[in-house]
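The next block holds one structure in the form of structure tokens; read it before the comments.
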Amino acid sequence: MTKRKTIIAGNWKMFKTRKEAAELASAVAAGVKGEKDLPEVVLIPPFTSIESAINNVKGSPVAVGAQNMDWRENGAFTGEVSPVMLTELGVTYVLIGHSERRQFFGETNGTVNNRLKAALEHKLTPIVCVGETLDERESGLTDSVVRRQVAAALADIPAEALAVIVVAYEPVWAIGTGKVCEADEANRVLGQIRATIADLYKECGNSELAENVPLLYGGSVKPSNIEEQMAKPEIDGALVGGASLKAEEFLPLIKAGQKRVKDSLSKV
Ligand code: 13P
Numbered sequence: 015m016t017k018r019k020t021i022i023a024g025n026w027k028m029f030k031t032r033k034e035a036a037e038l039a040s041a042v043a044a045g046v047k048g049e050k051d052l053p054e055v056v057l058i059p060p061f062t063s064i065e066s067a068i069n070n071v072k073g074s075p076v077a078v079g080a081q082n083m084d085w086r087e088n089g090a091f092t093g094e095v096s097p098v099m100l101t102e103l104g105v106t107y108v109l110i111g112h113s114e115r116r117q118f119f120g121e122t123n124g125t126v127n128n129r130l131k132a133a134l135e136h137k138l139t140p141i142v143c144v145g146e147t148l149d150e151r152e153s154g155l156t157d158s159v160v161r162r163q164v165a166a167a168l169a170d171i172p173a174e175a176l177a178v179i180v181v182a183y184e185p186v187w188a189i190g191t192g193k194v195c196e197a198d199e200a201n202r203v204l205g206q207i208r209a210t211i212a213d214l215y216k217e218c219g220n221s222e223l224a225e226n227v228p229l230l231y232g233g234s235v236k237p238s239n240i241e242e243q244m245a246k247p248e249i250d251g252a253l254v255g256g257a258s259l260k261a262e263e264f265l266p267l268i269k270a271g272q273k274r275v276k277d278s279l280s281k282v
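Position one of the sequence shown corresponds to residue 15 (my numbering), numbered consecutively onward.
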């Protein structure tokens with residue numbers, strides 16, 4: 015049975031002011047208080063609400079991440095936020111290459127690779143996002159697109175880094191649409207991602223390290239569909255948008271992650 019981490023991450027996107035972030039973060043922290051066998055729980059607020067979220071999860075096992083970051087430590091890059099600024103706040107996770115960054119803000123496979131290297135250098139746990147558009151899926155390109163995104167993200171990344179990298183498969187057509195990717199299909203694509211990683215590190219004799227990489231599914235995950243997803247062997251957790259914005263929807267997702275942790279412990 016898997017020894018991989020189970021992760022339930024909530025990407026708040028451009029929602030939640032500082033005050034709203036404080037309320038949601040404290041409700042999540044209160045909801046997991048005293049619980050055992052929790053998955054890794056990560057809240058990912060917009061930059062301006064990160065500090066507020068961090069202050070309100072203090073003393074709890076809940077981690078806080080950022081939705082993006084520049085790869086340079088400082089400089090004349092108006093509008094950007096650096097890894098140093100994030101780690102100073104106590105941020106421990108960072109999303110890299112979310113499809114909304116790729117679609118609307120010019121993120122490319124090359125800049126994803128730069129950001130991944132910077133995250134590793136600054137000891138932030140990267141969640142690298144990949145996934146095909148509806149057009150690509152309908153043209154039968156899902157596997158090749160996802161493989162290319164994974165290979166480009168991991169270019170020149172040393173094998174040891176596989177111990178900390180997380181990859182999320184988020185098909186663009188499933189994000190915010192209510193159309194969840196069927197669990198079998200999400201499991202199949204994540205299996206392809208794992209095989210791609212194994213292949214990339216085969217030459218240096220490290221292909222088995224791919225087994226340790228937590229793989230998440232994202233796209234319209236809700237309390238009503240998460241259990242089916244989490245029952246699949248390749249799905250180690252969820253990256254959640256809409257359903258992470260209310261504690262009463264996010265806490266049941268954490269519960270589903272907790273069930274997966276308990277199930278895996280009982281099978282050891
Ligand atoms: P939804 O859960 O709202 O579909 O968003 C998924 C997502 O993009 C998380 O990063």
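The C-beta atom is built at its ideal place from N, Cα and C for all residues, glycine as well.
Query: V95 beta carbon less than 9 Å from that of A43; Result: no
Query: Chain-order list of residues whose beta-carbon lies under 6 Å from that of T147 (same chain, five-residue window excluded); Result: V186
Query: Check: I249 C-beta below 8 Å from any heavy atom of ligand 1; Result: no
Query: Closest Cα partner of H136 within the set W85, S40, A165, E184; Result: W85
Query: Which listed residue (V178, E199, R202) has its alpha carbon closest to that of I21; Result: V178
Query: Pairwise C-alpha distance: G145 and G154; Result: 13 Å
Query: Pair within 9 Å by beta-carbon distance, I211 and L230; Result: no
Query: Alpha carbon of K19 to alpha carbon of P53, nearest angstrom; Result: 7 Å
Query: Beta bridge counterpart(s) of N25 as assigned by DSSP; Result: I58
Query: Complete runs of the alpha helix (DSSP H) confined to the segment 121–206 [at least 4 residues]; Result: 123–135, 148–152, 156–167
Query: Counted within 10 angstroms of its Cβ, other Cβ atoms place W88 as buried (16 or more) or exposed; Result: The residue you asked about is not Trp; residue 88 is Asn in the sequence shown. Answer is exposed; the Cβ neighbour count stays below 16.
Query: Own chain, CB closer than 6 Å to K236, minus 5 neighbours either side, in chain order; Result: A257
Query: Cβ-based neighbour list, I64, same chain, cut-off 7 Å, excluding 5 preceding and 5 following; Result: V78, A80, L103, V105
Query: C-beta atoms of T139 and A133 nearer than 9 Å; Result: yes
Query: Separation of R202 from E196, as counted between CA atoms; Result: 10 Å
Query: Simplified DSSP assignment, three categories, for R32; Result: helix
Query: Euclidean distance between Cα positions of D250 and V159; Result: 21 Å
Query: Cα-Cα separation between L253 and I171, rounded to whole angstroms; Result: 23 Å
Query: Y107 - partner residues in DSSP beta bridges; Result: G79, T139
Query: Where D84 sits in the DSSP three-state scheme; Result: coil
Query: Classification of M28 by the beta-carbon crowding that lies within 10 angstroms, buried from 16 upward; Result: exposed
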